[in-house]
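Chain order of the listed sequences is P and S. Sequential numbering of the first sequence, starting at 1, is according to the working numbering. Sequential numbering of the second sequence, starting at 167, is according to the working numbering. Notes follow once the structure below has been shown.
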Amino acid sequence: MPITINDTPHDLPDDPRVSLLDFLRSHAGLTGTKKGCDHGQCGACTVLVNGVRINSCLSLAVTHDGDEVTTIEGLGSPVSPSEMQQAFLRHDGFQCGYCTPGQICSATAMLKEIAAGWPSDATDDLEASPKLTGEEIRERMSGNLCRCGAYANIVAAIRDVAGENA
Amino acid sequence: MSVHCKQDAPDERNVLDSTKQGVLGEPLERPEGLLKVTGTATYAAEFDAESCLEGVLVTLPVVRGTITSIDRESVLQMPGVVAVITDERLTGRAAQGMAGEAPFQPAQQVCYWGQPVALVVAESFEEARDAAKHLSVECNADEGDAPLDPDTVEAEQRKPTKNGDLAHAMTQAAHSVDATFTTDGHASAAMEPHAAMAQWDGQSLTVHASLQMLKFNRAELADSLNLKEKQVRLIAPYVGGGFGSKLGISQETVGASLAAMKLGKPVRVVMSRQQVFQTIMRRSETTQRVRLAADSEGRLTGFGHEARVSNLPGEEFAEPVLQSSQFLYGGDNRLLQLEVARIHRMTAGSVRAPGEAVGVQTVEQAMDMLAEKAGIDPVELRLRNIPERHPAKDKPYSSRKLAECLREGASAFGWKDGPRKPRHTREGEWWIGSGVASAARIHAVVEAKARVTLRPDGTALVETDMTDIGTGTYAILGQVAGEMLGLSLDDVEVRLGDTDMPPGSGSGGSFGASSCGSAVFLACEGLRDTLAEKLGIEASDLSLKDGFALWENEKKSIAEVLDGKAIEEIGHFEPGKSTEDYAVASFGAFFAEVAVNHWTGETRVRRMTGAFGFGRVLNARTARSQCLGGMTWCIGNALTESLLFDPTDGHLANCDLAEYHVPVHRDVPDLEVVLLEERDAAASPIQAKGVGELGLCGGAGAIANAIYDACGARVFAYPMTPDRVLAAMPDK
Ligand code: FES
Ligand code: FES
Numbered sequence: 001m002p003i004t005i006n007d008t009p010h011d012l013p014d015d016p017r018v019s020l021l022d023f024l025r026s027h028a029g030l031t032g033t034k035k036g037c038d039h040g041q042c043g044a045c046t047v048l049v050n051g052v053r054i055n056s057c058l059s060l061a062v063t064h065d066g067d068e069v070t071t072i073e074g075l076g077s078p079v080s081p082s083e084m085q086q087a088f089l090r091h092d093g094f095q096c097g098y099c100t101p102g103q104i105c106s107a108t109a110m111l112k113e114i115a116a117g118w119p120s121d122a123t124d125d126l127e128a129s130p131k132l133t134g135e136e137i138r139e140r141m142s143g144n145l146c147r148c149g150a151y152a153n154i155v156a157a158i159r160d161v162a163g164e165n166a
Numbered sequence: 167m168s169v170h171c172k173q174d175a176p177d178e179r180n181v182l183d184s185t186k187q188g189v190l191g192e193p194l195e196r197p198e199g200l201l202k203v204t205g206t207a208t209y210a211a212e213f214d215a216e217s218c219l220e221g222v223l224v225t226l227p228v229v230r231g232t233i234t235s236i237d238r239e240s241v242l243q244m245p246g247v248v249a250v251i252t253d254e255r256l257t258g259r260a261a262q263g264m265a266g267e268a269p270f271q272p273a274q275q276v277c278y279w280g281q282p283v284a285l286v287v288a289e290s291f292e293e294a295r296d297a298a299k300h301l302s303v304e305c306n307a308d309e310g311d312a313p314l315d316p317d318t319v320e321a322e323q324r325k326p327t328k329n330g331d332l333a334h335a336m337t338q339a340a341h342s343v344d345a346t347f348t349t350d351g352h353a354s355a356a357m358e359p360h361a362a363m364a365q366w367d368g369q370s371l372t373v374h375a376s377l378q379m380l381k382f383n384r385a386e387l388a389d390s391l392n393l394k395e396k397q398v399r400l401i402a403p404y405v406g407g408g409f410g411s412k413l414g415i416s417q418e419t420v421g422a423s424l425a426a427m428k429l430g431k432p433v434r435v436v437m438s439r440q441q442v443f444q445t446i447m448r449r450s451e452t453t454q455r456v457r458l459a460a461d462s463e464g465r466l467t468g469f470g471h472e473a474r475v476s477n478l479p480g481e482e483f484a485e486p487v488l489q490s491s492q493f494l495y496g497g498d499n500r501l502l503q504l505e506v507a508r509i510h511r512m513t514a515g516s517v518r519a520p521g522e523a524v525g526v527q528t529v530e531q532a533m534d535m536l537a538e539k540a541g542i543d544p545v546e547l548r549l550r551n552i553p554e555r556h557p558a559k560d561k562p563y564s565s566r567k568l569a570e571c572l573r574e575g576a577s578a579f580g581w582k583d584g585p586r587k588p589r590h591t592r593e594g595e596w597w598i599g600s601g602v603a604s605a606a607r608i609h610a611v612v613e614a615k616a617r618v619t620l621r622p623d624g625t626a627l628v629e630t631d632m633t634d635i636g637t638g639t640y641a642i643l644g645q646v647a648g649e650m651l652g653l654s655l656d657d658v659e660v661r662l663g664d665t666d667m668p669p670g671s672g673s674g675g676s677f678g679a680s681s682c683g684s685a686v687f688l689a690c691e692g693l694r695d696t697l698a699e700k701l702g703i704e705a706s707d708l709s710l711k712d713g714f715a716l717w718e719n720e721k722k723s724i725a726e727v728l729d730g731k732a733i734e735e736i737g738h739f740e741p742g743k744s745t746e747d748y749a750v751a752s753f754g755a756f757f758a759e760v761a762v763n764h765w766t767g768e769t770r771v772r773r774m775t776g777a778f779g780f781g782r783v784l785n786a787r788t789a790r791s792q793c794l795g796g797m798t799w800c801i802g803n804a805l806t807e808s809l810l811f812d813p814t815d816g817h818l819a820n821c822d823l824a825e826y827h828v829p830v831h832r833d834v835p836d837l838e839v840v841l842l843e844e845r846d847a848a849a850s851p852i853q854a855k856g857v858g859e860l861g862l863c864g865g866a867g868a869i870a871n872a873i874y875d876a877c878g879a880r881v882f883a884y885p886m887t888p889d890r891v892l893a894a895m896p897d898k
């Protein structure tokens with residue numbers, strides 16, 4: 001089975017060394033997903049695989065046979081940006097923009113994780129559903145580095161999307 | 167046509183305060199933002215080129231030596247491998263900012279551990295990476311006595327600043343402080359690794375590269391390759407952060423270019439994160455002695471700041487630690503002395519706010535110690551020591567918001583004044599305290615050109631090779647033009663990052679906005695003159711707003727005035743005497759609240775306020791973001807960032823983002839920014855200074871002072887990691 005990226009099927013690469021990240025950027029022509037470290041240390045390459053966020057640099061493309069991948073291009077476009085993309089724009093949640101696709105993919109999936117009740121290091125009561133506090137958001141987003149230092153605005157953008165609860 | 171201005175005197179006209187559009191300074195969204203949030207902005211490695219080859223740099227684990235042979239055959243048979251580039255023109259180091267000439271060549275002469283020495287080119291990245299690992303390189307190593315430790319070599323002294331007799335002032339002082347601090351090295355760690363994609367058509371070279379200063383970079387690359395400048399075109403519309411690391415060209419750009427020229431095909435080279443850490447630029451570690459002598463009222467009578475930094479042999483750059491110490495505080499008896507130790511660690515160069523990023527925070531800790539000795543509130547002590555005139559050069563300040571920043575920052579933060587005693591508040595395991603520090607950063611402007619065209623439909627186009635490295639250039643240049651030409655930001659198109667366009671200043675030293683903004687301003691002044699001429703009126707009688715020309719009681723659309731013909735001007739700004747006749751700088755104040763764990767020594771920054779005055783604010787949103795970025799860097803600088811070099815072979819041990827700790831989301835609390843509007847007529851024709859670095863100049867000192875206020879640990883080494891805090895924690 002091929003891999004599906006943003007609803008379009010692609011054949012997997014012949015070379016088993018190709019990471020999912022390089023596959024997206026070099027083979028599928030989707031350069032919105034960024035490479036910041038290639039070692040799972042920065043989050044710039046975050047994409048959604050079957051709805052769950054992963055670092056695409058840490059995963060080989062050939063292991064994604066049959067998977068559904070959503071990249072930043074799949075979340076929205078300049079003509080119809082997603083809610084999270086618009087919030088980042090409104091709150092200036094970026095500067096150079098290089099970590100931004102990863103932050104946005106990560107944030108989009110992260111809110112679903114909180115809604116699904118997944119706990120984090122910032123969760124006090126593991127039995128109760130986690131609250132959408134600033135501390136929860138910061139902890140869960142800590143895998144996405146931003147050297148420009150746009151964190152304060154990123155958190156504001158995420159809270160904006162999360163609405164009242166945050 | 168072109169409008170030129172070499173600014174020899176302050177420009178008090180404040181033209182931008184009499185224009186009518188009202189777009190300048192507004193907190194508008196970045197015009198390129200939509201591309202960035204949707205992943206459609208294209209960075210250096212992301213341009214499409216048919217049959218582009220991939221190159222991977224080969225580095226050597228040797229401190230010093232000479233390459234004797236490279237066995238190309240060892241990899242040429244591997245699948246996909248196309249070439250091994252060992253050209254003598256390969257560069258071994260990155261160029262320093264504004265060098266404008268080739269950096270160190272040839273790469274075959276190795277001066278530090280991890281220096282790139284060759285480039286392997288293959289059909290795919292995976293093939294090139296594999297082959298690069300297998301390339302066999304013979305090196306005649308000469309490592310035995312290569313000095314690696316800055317503290318054990320004799321240092322070169324730079325010219326000191328000496329006034330009066332500091333030693334004597336120290337003996338006469340009612341209160342004095344004599345303290346020695348250390349700061350560890352820092353990495354820029356821009357999120358986009360250094361990357362270049364080069365194409366050669368037999369005559370000329372086109373390179374998409376991740377660079378901050380294209381005018382200089384073009385000269386550096388041409389010189390490196392023995393080409394003429396006009397044979398080289400650089401393109402960088404988006405740059406994924408720079409922070410000094412992309413001021414000069416580095417090895418991937420030269421390597422990709424040489425390979426493209428040799429092979430006649432496009433070649434892309436992207437450094438690995440480890441290569442970026444090991445070969446680009448480090449901020450030097452520093453050892454700093456600060457001496458303060460004061461009278462019984464806490465007024466400084468003596469000020470001393472001496473610093474030792476390091477660099478490779480042959481490098482002119484020395485971390486300018488004392489830069490703001492020249493003018494921040496008074497004291498008639500002064501001694502400022504910088505020295506450079508020559509060691510074989512990777513090149514030291516500019517990392518965001520070179521100098522002040524490590525030089526202000528130590529002075530600010532010493533000021534805190536003085537406040538305690540003198541029994542004076544730390545904010546008040548600073549207010550008392552703001553000098554009338556430049557203390558060493560006896561010239562006036564152009565404009566300075568330091569006192570206002572201290573006062574308004576204190577009030578926004580909720581600073582409790584009065585003398586302080588540590589350990590006043592405890593919450594469970596955590597000691598809570600607060601601290602203050604002043605901010606200061608020198609001002610610079612650099613020659614810049616920009617072309618502005620008014621198109622027949624009445625919209626405008628701004629063109630310059632200036633870059634936007636996250637700083638907001640697209641927005642602010644559009645806003646300057648919009649303000650001058652009476653257009654909304656939507657009606658101004660800004661094109662950046664291409665050496666085919668007029669050369670701007672480049673992004674560096676916080677001078678991009680004021681320098682290029684002034685070039686755009688000048689071009690627009692010329693366009694306003696032309697419009698007035700077409701209407702047969704004086705330029706001073708012309709107002710432009712919302713696409714219309716207004717004069718007396720008349721009104722005509724700009725498009726109508728143009729009558730189907732575009733008009734254009736090139737603005738050419740040059741720094742002149744105005745920045746020499748005055749002490750020109752940006753100032754501010756930081757306030758931080760921290761919690762320090764009594765048992766582990768861990769420090770958490772709980773909140774931080776920064777108040778800044780940096781001339782005219784061109785876009786309140788992007789300016790605030792620059793300040794937020796700087797303050798975030800303060801947290802890393804204070805608590806976690808440290809380059810760790812192996813003492814036996816000088817290699818950088820923590821050469822990635824897992825081991826070199828930049829602040830992450832959870833390290834950064836809500837940050838408050840107070841912008842104090844100011845007009846600095848001597849700074850630039852648009853009365854603006856810079857803000858990209860100010861937010862990092864001193865704030866780590868506020869955190870250090872807050873740690874002391876919280877738990878009584880006075881830590882003299884940055885970063886203040888838990889072990890260091892714990893070791894300084896008093897028993898009781
Ligand atoms: S590129 Fe994948 S985590 Fe950094
Ligand atoms: S916006 Fe530049 S790294 Fe986050």
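Even glycine gets a Cβ: it sits at the ideal position worked out from N, Cα and C.
Query - 8 Å Cβ cutoff met for residue 830/S and residue 807/S - result: In the second sequence, the residue the question calls residue 830/S occupies position 664. In the second sequence, the residue the question calls residue 807/S occupies position 641. Taking 8 Å as the cut-off, the Cβ atoms of residue 830/S and residue 807/S do not count as close.
**Report entry** Segment contact flag, the segment 386-396 of chain S with the segment 225-235 of chain S, C-beta cutoff 8 Å, min 3 pairs
**Finding:** no
Requested in this report: Kindly list the residues whose CB is nearer than 7 Å to the CB of residue 760/S, restricted to its own chain and excluding five residues on each side of it in sequence; keep chain order.
Outcome: The sequence position of residue 760/S within the second sequence is 594, counting from 1. 599, 769, 770, 771, 772, 869, 872, 873, 876.
Query - Endpoints, alpha helix (DSSP H) assigned at residue 241/S - result: In the second sequence, counting from the first residue as 1, residue 241/S sits at position 75. Its alpha helix (DSSP H) spans residues 239-242.
Requested in this report: Report yes if the CB atom of residue 532/S is closer than 8 Å to the CB atom of residue 251/S, and no otherwise.
Outcome: Taking the second sequence and counting its residues from 1, the one referred to as residue 532/S is at position 366. Taking the second sequence and counting its residues from 1, the one referred to as residue 251/S is at position 85. Cβ atoms of residue 532/S and residue 251/S: not closer than 8 Å.
Query raised in the report: Out of 626/S, 353/S, 326/S, 376/S, which has the shortest C-alpha to C-alpha gap to residue 663/S?
Result: In the second sequence, residue 663/S corresponds to position 497, counting from 1. Minimum Cα distance to residue 663/S is reached at 376/S.
Requested in this report: Output yes if chain P places a C-beta closer than 8 Å to the C-beta of residue 192/S; else output no.
Outcome: Numbered from its first residue, the second sequence carries residue 192/S at position 26. So, not an interface residue.
Query raised in the report: Relative to ligand 2, what is the chain-ordered list of residues with a Cβ closer than 6 Å to any of its non-hydrogen atoms?
Result: 94/P, 95/P, 96/P, 97/P, 98/P, 99/P, 100/P, 146/P, 147/P, 148/P, 150/P, 357/S, 407/S, 636/S
Report task. Whole angstroms is fine: what's the gap from residue 408/S's alpha carbon to residue 148/P's? Result -> Within the second sequence, residue 408/S is the residue found at index 242, counting from 1. Within the first sequence, residue 148/P is the residue found at index 148, counting from 1. Annotation: residue 408/S to residue 148/P spans about 9 Å, alpha carbon to alpha carbon.
Query raised in the report: Are the C-beta atoms of residue 68/P and some chain S residue less than 8 Å apart?
Result: Along the first sequence, one-based indexing puts residue 68/P at 68. No, its Cβ sits nowhere closer than 8 Å to a Cβ of chain S.
Query - Those runs of the beta strand (DSSP E) which lie wholly inside the segment 397-460 of chain S and span at least 3 residues - result: 398-401, 433-436, 452-460
Query raised in the report: Is the CB-CB distance between residue 660/S and residue 648/S below 8 Å?
Result: By one-based count along the second sequence, residue 660/S stands at place 494. By one-based count along the second sequence, residue 648/S stands at place 482. No, Cβ-Cβ distance for residue 660/S and residue 648/S is not below 8 Å.
**Report entry** Three-way DSSP call (helix, strand, coil) for residue 736/S in this model
**Finding:** Walking along the second sequence from the start, residue 736/S turns up at place 570. Strand.
**Report entry** residue 734/S: contacting residues in chain P (beta-carbon distance under 9 Å)
**Finding:** If you number the second sequence from 1, residue 734/S lands on position 568. Neighbours of residue 734/S on chain P: none; closest Cβ ~29 Å, over 9 Å.
Report task. Alpha carbon to alpha carbon, how far is residue 525/S from residue 486/S? Give it in angstroms, no decimals. Result -> As a working mapping, residue 486/S is identified with position 320 in the second sequence. As a working mapping, residue 525/S is identified with position 359 in the second sequence. When the Cα atoms are used, residue 486/S and residue 525/S turn out to be separated by approximately 8 Å.
Requested in this report: Only counting runs of 4 or more residues, tell me where the alpha helix (DSSP H) segments fall wholly within the segment 324-370 of chain S, in order along the chain.
Outcome: 332-338
Query raised in the report: Do we get a CB-CB distance below 8 Å when we pair residue 202/S with the residues of chain P?
Result: Taking the first residue of the second sequence as 1, we reach residue 202/S at position 36. Closer than 8 Å: yes.
Query raised in the report: How long is the line joining the alpha carbons of residue 887/S and residue 102/P, rounded to whole angstroms?
Result: Numbered from its first residue, the second sequence carries residue 887/S at position 721. Numbered from its first residue, the first sequence carries residue 102/P at position 102. Looking at the two C-alpha atoms, the distance is approximately 29 Å.
Query - Minimum C-alpha distance to residue 515/S - residue among 798/S, 480/S, 500/S, 275/S - result: In the second sequence, residue 515/S corresponds to position 349, counting from 1. For residue 515/S, the closest of 798/S, 480/S, 500/S, 275/S by C-alpha to C-alpha distance is 480/S.
Query raised in the report: Along the chain, where does the beta strand (DSSP E) that runs through residue 799/S open and close?
Result: For the purposes of this step, residue 799/S is identified with residue 633 of the second sequence, where counting begins at 1. No beta strand (DSSP E) contains residue 799/S, which is instead part of the alpha helix (DSSP H) from 786-805.
Query raised in the report: Given that residue 257/S touches chain P, what residues does it touch there, using C-beta distances under 8 Å?
Result: In the second sequence, residue 257/S corresponds to position 91, counting from 1. Those do not exist, as residue 257/S stays about 23 Å from chain P at its closest Cβ, beyond 8 Å.
Query raised in the report: Does ligand 1 have even one heavy atom less than 7 Å from the beta-carbon of residue 57/P?
Result: The residue labelled residue 57/P in the question sits at position 57 within the first sequence. At least one heavy atom of ligand 1 falls within 7 Å of the beta-carbon of residue 57/P.
Report task. Whole angstroms is fine: what's the gap from residue 495/S's alpha carbon to residue 310/S's? Result -> By 1-based counting over the second sequence, the position of residue 495/S is 329. By 1-based counting over the second sequence, the position of residue 310/S is 144. Computed Cα separation, rounded: 45 Å.
Requested in this report: Compile a chain-ordered list of the residues in the segment 262-296 of chain S whose CB is closer than 9 Å to at least one CB of chain P.
Outcome: 290, 291, 292, 293, 295, 296
Query - Minimum length 3: unbroken beta strand (DSSP E) runs contained in the segment 487-545 of chain S - result: 499-508
Query raised in the report: Is the closest heavy atom of ligand 1 to the C-beta of residue 40/P under 7 Å?
Result: Walking along the first sequence from the start, residue 40/P turns up at place 40. Result yes, Cβ under 7 Å from ligand 1.
Requested in this report: Kindly examine ligand 1 and report whether one of its heavy atoms sits closer than 7 Å to the Cβ of residue 35/P.
Outcome: Numbered from 1 along the first sequence, position 35 holds the residue referred to as residue 35/P. Under cutoff, so the answer is yes.
Report task. Taking all protein chains shown into account, decide if residue 360/S is buried (16 or more other Cβ within 10 angstroms of its Cβ) or exposed. Result -> Working through the second sequence from its first residue, we reach residue 360/S at position 194. Flag for residue 360/S reads buried.
Query raised in the report: So residue 780/S is in the alpha helix (DSSP H); what residue range does that whole segment cover?
Result: Counting from 1 along the second sequence, the entry for residue 780/S is found at position 614. Premise fails: residue 780/S is in no alpha helix (DSSP H) and is neither H nor E.
Query raised in the report: Smallest Cα separation from residue 58/P: which of 44/P, 114/P, 50/P?
Result: To locate residue 58/P, count along the first sequence from 1; it is residue 58. Closest by alpha carbon: 44/P.
Query raised in the report: Are the C-beta of residue 384/S and some C-beta of chain P separated by less than 8 Å?
Result: As a first step, residue 384/S must be located in the second sequence, where it is residue number 218. False, the Cβ-Cβ gap to chain P never drops below 8 Å.
Query raised in the report: Do the segment 695-715 of chain S and the segment 420-437 of chain S touch if we need at least three Cβ pairs shorter than 8 Å?
Result: no
Query raised in the report: Which of helix, strand or coil does DSSP assign to residue 473/S?
Result: As a working note, residue 473/S is residue 307 in the second sequence. Of the three classes helix, strand and coil, the one that applies to residue 473/S here is strand, per DSSP.
Query - Inter-stretch contact (C-beta, 8 Å, three-pair minimum) for the segment 628-648 of chain S and the segment 778-787 of chain S - result: yes
**Report entry** Every unbroken beta strand (DSSP E) inside the segment 802-871 of chain S [3 residues or more]
**Finding:** 837-841
Query raised in the report: Does DSSP put residue 601/S in a helix, in a strand, or in coil?
Result: The count along the second sequence starts at 1 and reaches residue 601/S at position 435. It is a strand residue.
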